[in-house]
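K.L.:
According to numbering that gives the first Met the number 0, numbering within the sequence shown proceeds without interruption in unit steps and concludes at 378.
Virtual Cβ for every residue (Gly too), placed ideally from N, Cα, C.
Remember, predicted model here, so these are calculated numbers, not experimental data.
Got a structure here, written out as structure tokens. Questions coming.
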Amino acid sequence: MRFPIKNFVVAVSALIVASLSGVTECQAQSMPVSRLDANSRPLIIAHRGASGYRPEHTLAAYELAINLGVDFIEPDLVSTKDGVLVARHENEIGGTTDVASHPEFAGRRTTKTIDGLALTGWFTEDFTLAELQTLRAVERIPAIRQRNSLYNGLYQVPTLQQVIDLAQRKSLETGRVIGIYPETKHPSYFRSIGLPLEEPLLTTLRRNGLDRRDAPVFIQSFESGNLRQLRSRTRIRLVQLFGGPADRPADFVATGVTFTYGDMATPAGLARIASYADGIGPPKTSILPRDAAGNSLTPTTLVADAHAVGLIVHPYTFRNENTFVPNELRVGDPANAAFPTLYGRALDEYRLFFNLGVDGLFSDNGDTAVEARRLLLNP
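So this is what it looks like as structure tokens:
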């Protein structure tokens, strides 16, 4: 059975009251009613915020995404040295902050092995929250999104609590429920160094009244073991992320399990996932593959197979630039140096996936995704 979005409507007023600490009874009476009903499908999830327009994982990116009409904002979570969860795509922050320009932190640059890969840079677990918040975010892919570089140096690294506070405030301002969709990044690694992610995540969600089945929350992970652990501790909806079909979850690699993401995407693998998770988050090419030239091929049966065992499907990542859309949807002259950064026919790509039955998707350009959904629902 596909996930009933109308669950969001159940006791929404109580949900929001519980999740907004310090709200008075008078204020509670004016709380927004959720519009995440059947007519709003599929869900639009702001991938790291409005990453197409602002440096990712900043409060500015999240707030802009909400203003553009998305349903959920997605903070990737890593830990600081003092155990605070913050929003960064990776624990290595050399490419997403200005840490390299801080001479006081030059000695923190080091090489570590994360999920089997050697990485050199600066890592969140070597900084206290106070130290980390002296840094400022920068654009991760400036060659593609040069305009986003205008905002380099303006925004701090936010905590999970700050992201929740923003979602709550914007729920009140906009009159609609804004959900959060946190991802635990490298959970086995963080547990191995004494900074587990799951405990502070659940503690924070409980403190905000969000540890409940009908809360506007999904928790996602590329690993399997921590999702199984979370399943035994919370009723919050869980989503198993997929990497490339030949790759394996980091916890499988560490424990010698040979099951790949490709194996997980089979009907038998999906049935196993359904025993501990509520959905899957596959790369969009797992649904609509591409050939070596980047042209779309015949769709797979992944969406139908997942739905057959009761799993929702939220693929990633949808972006407007030619670099990221299928070859047949790219626009302009490939000889033009700016060709990779030009917008392709992104609306057509959304339409393809909506017609394939996805339940939601991750987008860097929330306004484009919301407009594509509007056109789907109001042709």
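When we look at the beta-carbon of Phe258 and count the other beta-carbons within 10 Å, is it buried (16 or more) or exposed?
P.N.:
Using a 10 angstroms sphere on the CB of Phe258, the tally of other CB atoms stays under 16, which defines it as exposed.
K.L.:
What does a CB cutoff of less than 8 Å around Gln132 pick up in its chain, not counting 5 residues either side in sequence?
P.N.:
The beta carbon of Gln132 sits closer than 8 Å to those of Gln155, Val156, all from its chain and outside the five residues before and after it, given in chain order.
K.L.:
Taking all protein chains shown into account, decide if Asp70 is buried (16 or more other Cβ within 10 angstroms of its Cβ) or exposed.
P.N.:
buried
K.L.:
Quick one: give me the first and last residue of the beta strand (DSSP E) that Ser220 is part of.
P.N.:
217-220
K.L.:
Taking the C-alpha atoms as reference points, what is the distance between Gly48 and Ala86?
P.N.:
Spanning the alpha carbons of Gly48 and Ala86 requires a straight line of approximately 11 Å.
K.L.:
Alpha carbon to alpha carbon, how far is Leu296 from Leu346?
P.N.:
18 Å
K.L.:
How would you label Asp290, buried or exposed, when you count the other beta carbons within 10 angstroms and need 16 or more for buried?
P.N.:
exposed
K.L.:
Is it buried or exposed for Leu360, if we count other Cβ within 10 angstroms and need 16 for buried?
P.N.:
buried
K.L.:
Using three-state DSSP, classify Arg206 as helix, strand or coil.
P.N.:
helix
K.L.:
Between Asp304 and Lys184, is the Cβ-Cβ spacing less than 8 Å?
P.N.:
no
K.L.:
Can you tell me where the alpha helix (DSSP H) with Phe189 in it begins and where it stops?
P.N.:
186-191
K.L.:
For the pair the segment 77-85 and the segment 194-208, tell me if three or more CB-CB distances fall below 8 Å.
P.N.:
They touch, by the three-pair rule.
K.L.:
Does the separation of the CB atoms of Ile286 and Val302 fall below 8 Å?
P.N.:
yes
K.L.:
Quick check on Gln167: buried or exposed, where buried means 16 or more other Cβ atoms within 10 Å of its Cβ?
P.N.:
Buried, by the Cβ-count rule.
K.L.:
How long is the line joining the alpha carbons of Arg34 and Phe104, rounded to whole angstroms?
P.N.:
Only weak support exists for where Arg34 lies, its pLDDT of 39 falling under 50; the coordinates are left without a value.
K.L.:
Give the single residue among Gly193, Gly280, Leu351, Leu209 whose Cα lies nearest to the Cα of Gln160.
P.N.:
Leu209
K.L.:
Would you kindly work out how many angstroms separate the C-alpha atoms of Asp125 and Arg372, rounded to a whole number?
P.N.:
42 Å
K.L.:
Along the chain, where does the beta strand (DSSP E) that runs through Ser362 open and close?
P.N.:
359-362
K.L.:
With Asp347 as the anchor, note down where its alpha helix (DSSP H) starts and where it stops.
P.N.:
Start and end: 345-354.
K.L.:
Can you grab the Cα-Cα spacing for the pair Ala45 / Ser170, in whole Å?
P.N.:
15 Å
K.L.:
I think Ala264 touches Pro281, with their Cβ atoms under 8 Å apart; what is that distance to the nearest whole Å?
P.N.:
Yes, Ala264 and Pro281 are in contact; Cβ-Cβ is about 7 Å, under 8 Å.
K.L.:
Classify Ser295 as helix, strand or coil using the three-state DSSP reduction.
P.N.:
strand
K.L.:
Taking the alpha-carbon positions, what's the Ser78 to Gln239 distance?
P.N.:
21 Å
K.L.:
Do Thr300 and Pro288 come within 8 Å of each other at the CB atom, strictly closer than that value?
P.N.:
Judged by beta-carbon spacing, Thr300 lies beyond the 8 Å limit of Pro288, meaning their Cβ atoms are not closer than that value.
K.L.:
Extract the residue ranges of the beta strand (DSSP E) inside the segment 87-172, only unbroken runs of 3 or more that lie entirely within it.
P.N.:
109-113, 116-120
K.L.:
Going by DSSP, what residues sit across from Gly268 in a beta bridge?
P.N.:
Paired residue(s): none; Gly268 is not in a bridge.
K.L.:
If you compare alpha carbons, which of Thr233, Asn147, Thr367 is closest to Asn319?
P.N.:
Thr367
K.L.:
Just tell me which of Arg144, Glu182, Val357, Ile43 has its CA closest to the CA of Asn321.
P.N.:
Relative to Asn321, the option among Arg144, Glu182, Val357, Ile43 whose CA is nearest is Arg144.
K.L.:
Identify every residue that forms a DSSP beta bridge with Pro282.
P.N.:
Paired residue(s): Tyr315.
K.L.:
From this set, Thr127, Ala129, Arg108, Leu128, which residue's C-alpha is nearest Thr119's C-alpha?
P.N.:
Arg108
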